[in-house]
Amino acid sequence: MRQDYSRTAEGMAMVRALEQHQSPRIIDDPFAATFLLNPYYRWLARSYCSSRSVLRFLRYWAPGGQEFLAIRPRLVDDLVTVEATQGLKQVVILGAGFDTHAWRCRVALTQTIVFEIDHPATQQTKRERSRQLGLPDNLRFVAVDFEQDDFAERLLAAGFDPELPTYFVWVGVSYYLTAQAVADTLQRLSTLSRAGTKLVWDYMLAEVVNGTSSNREALDKGRRAAQLGEPWLWGLAPADVSSYLAGFGFKLIHDYEPAELRERYAPARPLPMSYVRIAMCERAGS
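In the working numbering, each residue carries its 1-based index in the sequence shown increased by 101.
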């Protein structure tokens, strides 16, 4: 079992911390820098000039990447907040990492329990860093080693109630999994859902994963991911999303276009990267 926290989780926190130096910001996250353990990252996040330099580099190295990675948590916040006004009782974040959703939406989610599922090592680090912020009363940590444990069993043992109005959040994960692992996860989520349960997730375009895309930048990023030991393994064509989800009892509500996300959140910024898309769906049934 891995003994250390996720560096990817720290990288996502870094993206949100850097975004605080943008004007206007896509997402307000004054909590993100708390979860930067790397001293160099902390220095960059504190320094306006250094942060701007990093943002310029990221814009060159991964056009639209900063925008997408800031828009994704902002969209999740907005979707969940709307549901909270309509009686939402539970939010479940799979692979939560160092996400600060429970802090960012603390006021909106006073009547909602937030379950964060992640590896024990990452969660232990998060607990330690969270002492600086104070843990929200409604936050529940569910430690799961995804290679050995059944997350559904752990979630139920932590007090999750499948009969209550729920929003599942599963982003930044699916493309690192095999097709079977993705299917198994969606099947478990379906089993844990009642009619009307919501799910927001993201997926990579199949053409990028299988190498047939004309997007050279995306293919190059895929090769780099593989060299770093985190290859992209699974993807889906937008035309197939609805039928794929239907196989697990979910109905596609909205598949967000990159241009749509820019218009909503960052009209003056570069187009968010287009080879990962975000979809929102709900459990079908009467």
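In this text, a Cβ means the ideal position worked out from N, Cα and C, and glycines have one as well.
Among the residues of its own chain, which have a CB less than 6 Å from the CB of residue i, if the five just before and after it don't count?
{"i": "residue 218", "result": "195, 243, 245, 252"}
{"i": "residue 224", "result": "242, 244"}
{"i": "residue 102", "result": "Note that residue 102 scores a pLDDT of 45, beneath 50, so its modelled location is shaky; the value from the coordinates is reported in the next line. 246."}
{"i": "residue 118", "result": "133, 134, 146"}
{"i": "residue 319", "result": "309, 376"}
Roughly how many angstroms separate the alpha carbons of residue i and residue j, rounded to a whole number?
{"i": "residue 135", "j": "residue 114", "result": "9 Å"}
{"i": "residue 356", "j": "residue 362", "result": "11 Å"}
{"i": "residue 294", "j": "residue 179", "result": "21 Å"}
{"i": "residue 184", "j": "residue 266", "result": "9 Å"}
{"i": "residue 259", "j": "residue 269", "result": "15 Å"}
{"i": "residue 94", "j": "residue 305", "result": "Since the first and last residues shown for the chain are 102 and 387, residue 94 lies out of range."}
{"i": "residue 328", "j": "residue 186", "result": "44 Å"}
{"i": "residue 322", "j": "residue 378", "result": "16 Å"}
{"i": "residue 132", "j": "residue 282", "result": "32 Å"}
{"i": "residue 250", "j": "residue 369", "result": "44 Å"}
{"i": "residue 111", "j": "residue 130", "result": "14 Å"}
{"i": "residue 312", "j": "residue 276", "result": "14 Å"}
{"i": "residue 317", "j": "residue 374", "result": "12 Å"}
{"i": "residue 228", "j": "residue 197", "result": "12 Å"}
{"i": "residue 109", "j": "residue 384", "result": "30 Å"}
Report all residues from its chain with a CB closer than 7 Å to the CB of residue i; omit the five preceding and five following residues, and keep chain order.
{"i": "residue 143", "result": "134, 137"}
{"i": "residue 221", "result": "244, 246"}
Figure out for me which residue from the options has the closest Cα to the Cα of residue i.
{"i": "residue 300", "options": "249, 206, 370, 350", "result": "350"}
{"i": "residue 353", "options": "325, 380, 370", "result": "380"}
{"i": "residue 286", "options": "274, 297, 296", "result": "274"}
{"i": "residue 303", "options": "320, 336, 311, 325", "result": "336"}
{"i": "residue 314", "options": "338, 291, 296, 298", "result": "338"}
{"i": "residue 213", "options": "116, 141, 159, 238", "result": "238"}
Rounded to the nearest angstrom, how far is the Cβ of residue i from that of residue j, given a contact under 8 Å?
{"i": "residue 372", "j": "residue 166", "result": "That belief does not hold up - the Cβ atoms of residue 372 and residue 166 are roughly 11 Å apart, past 8 Å."}
{"i": "residue 226", "j": "residue 106", "result": "4 Å"}
{"i": "residue 175", "j": "residue 366", "result": "6 Å"}
{"i": "residue 192", "j": "residue 210", "result": "7 Å"}
Name, in chain order, the residues that DSSP records as bridge partners for residue i.
{"i": "residue 299", "result": "268, 383"}
{"i": "residue 242", "result": "217"}
{"i": "residue 355", "result": "381"}
{"i": "residue 194", "result": "217, 270"}
{"i": "residue 257", "result": "None; residue 257 has no bridge partner."}
{"i": "residue 337", "result": "306"}
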